[in-house]
Amino acid sequence: MDIRDEILRLKKERRAVILAHNYQLPEVQDIADFHGDSLGLSIEASKTNAEVIVFCGVYFMAETAKILSPPKTVLIPDRHAGCPMADMITLEDLRKLKLKHPKAKVLCYVNSSAEIKAESDVCCTSANSISVARGAFGEKEEVIFIPDQYLARYTASQLRRPFIYWPGYCPTHVKMLPEHFRKEKEKHPDAEILVHPECTPEVIAVADKVFSTSGMCRYVRESSCKEFIIGTEIGMIYRLKKDNPDKEFYHPTPLGICPNMKRITLEKVRWSLTHRQEEVYVPPETITRARTALEKMIAYK
Ligand code: 13P
Ligand code: SF4
């Protein structure tokens with residue numbers, strides 16, 4: 000039997016749903032019931048009727064699904080698919096930072112561990128960081144934005160309000176440099192440059208637009224422009240081309256690949272469904288606290 004058919008059979012048997020992030024390998028995106036960005040997948044996880052969620056993405060995303068749907072079994076096909084940015088801040092780091100700024104509230108990018116979310120006031124994704132920061136805090140309130148310094152700076156620049164930053168970053172997005180985009184633009188002068196807010200301010204300065212991955216999908220679909228240079232993880236090119244076969248997409252550099260996202264393969268999805276492994280576990284008290292911060296995030300679509 001073809002591996003895809005086997006996955007579909009197992010999925011039915013287990014009453015499972017497969018969620019896949021936009022950076023997943025093409026064949027994994029194709030087998031998924033839902034694909035999308037961190038916010039979209041969190042919403043999907045919170046409302047699914049399936050008994051089992053197979054999360055094709057990185058660990059913090061599967062953990063988020065578990066926090067939002069505690070009675071469900073959440074499986075990740077490779078538990079070593081981590082996000083280095085999420086590992087850049089520890090609970091001890093955050094507690095020290097809070098002691099230094101005792102009046103500050105904590106805004107936590109969803110690319111973080113469950114225990115960090117539990118210690119935060121509200122979460123956000125790159126799709127809603129601006130509306131969360133605008134809506135969840137008073138104008139004069141001090142806000143600590145963790146762990147991505149670049150998403151924090153971009154959000155601050157849009158709102159013209161300062162944040163206390165944590166120096167985390169995405170190792171994949173920081174490898175994309177302004178010169179990569181300039182070279183690509185020379186080859187495709189009519190192309191618009193779209194970049195993710197995890198990119199550095201120098202890259203954002205050469206971009207036409209800044210979007211989360213779902214924001215890119217929406218913008219490209221509605222735009223009359225036919226060519227785009229895409230400043231985010233390379234998996235987005237497959238997603239965009241599949242949804243917009245009449246448009247052209249260029250990626251600035253092969254360095255823009257997230258090896259963690261690529262750890263999930265069809266073989267591992269089959270293994271995961273067969274053996275109900277690896278099950279994501281989050282302690283109940285962490286779930287309760289982290290969920291409050293995540294539910295506030297979901298309210299800001
Ligand atoms: P999105 O929420 O835009 O999909 O991004 C998630 C991510 O990990 C970006 O590197
Ligand atoms: Fe984490 Fe960057 Fe990979 Fe996104 S692309 S999962 S932020 S390492």
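The numbers in numbering that gives the first Met the number 0 rise by one with no breaks, and the one at position 141 of the sequence shown is 140.
All C-beta atoms, glycine included, are put in the ideal place defined by N, C-alpha and C.
Rounded to the nearest whole angstrom, the C-alpha separation of Tyr280 and Tyr58 is 11 Å. When secondary structure is reduced to three states using DSSP, Phe144 falls in the strand class. The nearest non-hydrogen atom of the ligand 13P is 6 Å or more from the C-beta of Cys123. Counting along the chain, the unbroken alpha helix (DSSP H) around Cys216 starts and ends at Thr212 to Glu221. By the CB criterion at 7 Å, Ala15 and Ala49 fall inside the cutoff. In the structure shown, Glu178 falls within a helical segment according to DSSP collapsed to helix, strand and coil. Taking all protein chains in view, the Cβ of Leu98 is surrounded by fewer than 16 other Cβ atoms within 10 Å, so the residue is classified as exposed.
According to DSSP, residue pairing for Val209 in a beta bridge involves Val194.
When the beta-carbon positions are compared, Ile66 and Ile286 come within less than 7 Å of each other.
Selection Ala155, Glu118 and Thr154 evaluated against Leu293 yields Glu118 as nearest (Cα-Cα). At a Cβ-Cβ threshold of 7 Å, Leu106 and Val142 count as neighbours. A straight line joining the alpha-carbon of Gly39 with that of Ser213 spans about 8 Å.
For the pair Phe33 and Cys55, the Cα-to-Cα distance works out to about 10 Å.
In the structure shown, the three-state DSSP call for Leu254 is coil. Residue ranges of uninterrupted alpha helix (DSSP H) with 4 or more members, entirely inside the region 97-150 and ordered along the chain, are 113-117 and 128-135.
Annotated as distal: Pro253 and Phe180, with beta-carbon spacing of 7 Å or more. Nearest neighbour of His172 by Cα position, chosen from Ile203, Pro283 and Ala190, turns out to be Ile203. Between the alpha carbons of Glu232 and His195 lies a distance of about 9 Å. Looking only at Val121, Gly234 and Ser111, the smallest Cα-Cα distance to Pro25 is reached by Gly234.
Under the three-state reduction of DSSP output, Glu50 falls in the coil class, being neither helix nor strand.
At least one heavy atom of the ligand 13P falls within 6 Å of the beta-carbon of Glu197. Residue side-chain check: Cys55 keeps its Cβ at 6 Å or more from all non-hydrogen atoms of the ligand 13P. For a cut-off of 8 Å, the C-beta gap from Lys261 to Ala135 is around 34 Å, too long to register as a contact.
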